[in-house]
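Here is the structure we will look at.
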Amino acid sequence: MTRIRAAITGIQGWVPPYILTNKELEAMVDTSDEWIMSRTGIKERHILKGEGLGTSDMAAEAVKALLEKTGTNPDEIGMVICATVTPDMIFPATANIVCDKTGIKNAFGFDMNAACSGLLYALVTASKYVETGTVKKAIVIGADKMSSITDYTSRETCVLFGDAAGAILLEPTTEEVGIMDSIMHSDGSGRFYLHMKAGGSVKPPSYETIDAKEHFVYQEGQPVFKFAVTKMADVAAEIMARNNLKSEDVSYLVPHQANLRIIDATARRMGVGTEQVMINIERYGNTTGGTIPLCLWEWENKLKKGDNIILAAFGGGFTWGSIWLKWAY
Ligand code: ACO
Numbered sequence: 023m024t025r026i027r028a029a030i031t032g033i034q035g036w037v038p039p040y041i042l043t044n045k046e047l048e049a050m051v052d053t054s055d056e057w058i059m060s061r062t063g064i065k066e067r068h069i070l071k072g073e074g075l076g077t078s079d080m081a082a083e084a085v086k087a088l089l090e091k092t093g094t095n096p097d098e099i100g101m102v103i104c105a106t107v108t109p110d111m112i113f114p115a116t117a118n119i120v121c122d123k124t125g126i127k128n129a130f131g132f133d134m135n136a137a138c139s140g141l142l143y144a145l146v147t148a149s150k151y152v153e154t155g156t157v158k159k160a161i162v163i164g165a166d167k168m169s170s171i172t173d174y175t176s177r178e179t180c181v182l183f184g185d186a187a188g189a190i191l192l193e194p195t196t197e198e199v200g201i202m203d204s205i206m207h208s209d210g211s212g213r214f215y216l217h218m219k220a221g222g223s224v225k226p227p228s229y230e231t232i233d234a235k236e237h238f239v240y241q242e243g244q245p246v247f248k249f250a251v252t253k254m255a256d257v258a259a260e261i262m263a264r265n266n267l268k269s270e271d272v273s274y275l276v277p278h279q280a281n282l283r284i285i286d287a288t289a290r291r292m293g294v295g296t297e298q299v300m301i302n303i304e305r306y307g308n309t310t311g312g313t314i315p316l317c318l319w320e321w322e323n324k325l326k327k328g329d330n331i332i333l334a335a336f337g338g339g340f341t342w343g344s345i346w347l348k349w350a351y
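Under the numbering used here, think of the first position of the sequence shown as 23, with each following residue one higher.
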């Protein structure tokens, strides 16, 4: 029997026009362009401005452009998963709102909360529906308005994050392309180092939680860094080893963009050179669900059918994982 795989057949990113530079941050908190660049590799990030705009608005822009560039009728889409930690509302799911804003009427969908690994979790989940023939066309979105949960008086976190959305079209194929293998992990004990303290069922919003600034990202940078740097490199090396992929077989590593030093460590561990790594952290910062689709979108014109691509991510949860895919067009 011919094996059906799920292949990426279109990719689209979207970033809001406003750019927040390191220079501007220097005027807001006690930081410097030199510190931010040397510790993170980030120069600027895009921020969504405007009353009443949220993650679904960025995602809808990406989805509309994706449908148009791939010549896809919204009625053909059977599934939409939105990877995000900044949903428009706690419920309903942002995926539902995006469908409404883009004219997608025949899809079911939901949000995927796996922080910076959310896009990988969502891609793997959607691929199973496509591989089994349950869904013919799926859209996987990675989108976050990180500025909505960032404390712009805290230099530890406000320099790191940006806002963006990306959308991926997945379709079945019988060719030897598409998603070939994946390894996903989670370790909930990591929640102590990276989380949002209030707003959930344990600590609902109150005047006290607002005064204590508990609705923002809380991160203990160093322990997260130590986990991220080993786990992301380990999982990327593991997926190469179990598929007998040598560094020269890999066309591109597409790492989650949280910190240039973590990306460099992963690339070193895989034995791939800088020309084989997609890096755009300098211009966007950490956009959580958005980083991997933004990379694929920017590199799309350079990709060739059959290219071996390794996606790798680490994020809050902790969650981490890697996907090996062969580019399909
Ligand atoms: N400007 C200037 N100084 C700063 C800044 C800043 N923006 N931020 C922190 N510092 C200071 C600290 O106060 C500290 O000063 P001290 O030595 O006097 O106490 C010093 O710089 C060093 O701080 P560290 O936190 O040790 O800096 P580090 O080198 O670890 O870099 C960073 C911090 C960039 C956050 C790093 O730890 C990191 O990248 N961690 C991992 C992030 C990650 O991968 N997260 C997962 C994904 S995010 C998600 O899932 C939502």
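For each residue, glycine too, the CB sits at the ideal point set by N, CA and C.
- Contact between M202 and L347 holds, with the beta-carbon distance rounding to 6 Å and staying under 8 Å.
- Taking A105 as reference, the option from N118, E193, I99 with the minimal CA-CA separation is N118.
- Looking at the DSSP output, P277 shares a beta bridge with A334.
- Beta-bridge partners assigned by DSSP to K348: G200, N330.
- The closest CA to that of T77, considering only R213, P114, I284, is found on P114.
- Residue pairing by DSSP places Y240 opposite H217 in a beta bridge.
- For the options E260, C121, G307, the alpha carbon positioned closest to that of L333 is the one of E260.
- Under the three-state reduction of DSSP output, K65 falls in the coil class, being neither helix nor strand.
- With a cutoff of 7 Å on beta-carbon distance, C138 and A129 are scored as not near each other.
- In the DSSP annotation of this structure, the continuous segment of the beta strand (DSSP E) that includes T195 starts and ends at 185-195.
- Looking at the DSSP output, I58 shares a beta bridge with no other residue.
- When DSSP reads this structure, C104 sits in a beta bridge with D133, I163.
- Residue Y274 holds the alpha-carbon nearest to the alpha-carbon of K326 among D173, Y274, S176, A165.
- The continuous alpha helix (DSSP H) containing L145 extends over residues 140-153.
- DSSP links Y306 through a beta bridge to no other residue.
- With a beta-carbon spacing of about 15 Å, L316 and G63 fall beyond the 8 Å limit used to define contacts.
- Each residue's CA atom was taken as its position, placing W36 and F247 some 28 Å apart.
- Close CB contacts of H68 within its chain, under the 7 Å cut and outside five residues either way in sequence, are with V37, P38, Y40, I41, G184, D185, A186, Y306 (chain order).
- Residue environment: G131 is assigned as buried (16 or more neighbouring CB atoms within 10 Å of its CB, all protein chains considered).
- Sequence-distant Cβ neighbours of T53 in its own chain, meaning closer than 8 Å and more than five residues away, are N44, L47, R177, V181.
- Looking at the backbone, the Cα of S269 and that of A287 are separated by about 14 Å.
- Secondary structure at M50: helix, using DSSP grouped into helix, strand and coil.
- Check the Cα spacing between S211 and each of G338, Q34, K127: the tightest is with G338.
- Assigned with DSSP and collapsed to three states, I285 falls in helix.
- A direct Cα-to-Cα measurement between T172 and A234 gives close to 14 Å.
- In the three-state scheme derived from DSSP, where H, G and I count as helix and E and B as strand, V37 is classed as coil.
- Distance check between T92 and each of L191, F249, I163, M206 places L191 closest, using alpha-carbon atoms only.
- The three-state secondary structure of A81, taken from DSSP, is helix.
- The closest heavy atom of ligand 1 lies less than 6 Å from the beta carbon of N281.
- Annotated three-state conformation of R27 is strand, per DSSP.
- With a cut-off of 6 Å, the C-beta of F214 is classified as distant from ligand 1, since no heavy atom of the ligand falls inside that distance.
- In the DSSP assignment, no residue is bridged to L267.
- The closest CA to that of T116, considering only I30, E193, A165, is found on A165.
- Taken through DSSP and simplified to helix, strand or coil, G32 comes out as strand.
- Secondary structure at M254: helix, using DSSP grouped into helix, strand and coil.
- Counting C-beta atoms within 10 angstroms of its own C-beta, N95 has fewer than 16 neighbours from the protein chains shown and is therefore classed as exposed.
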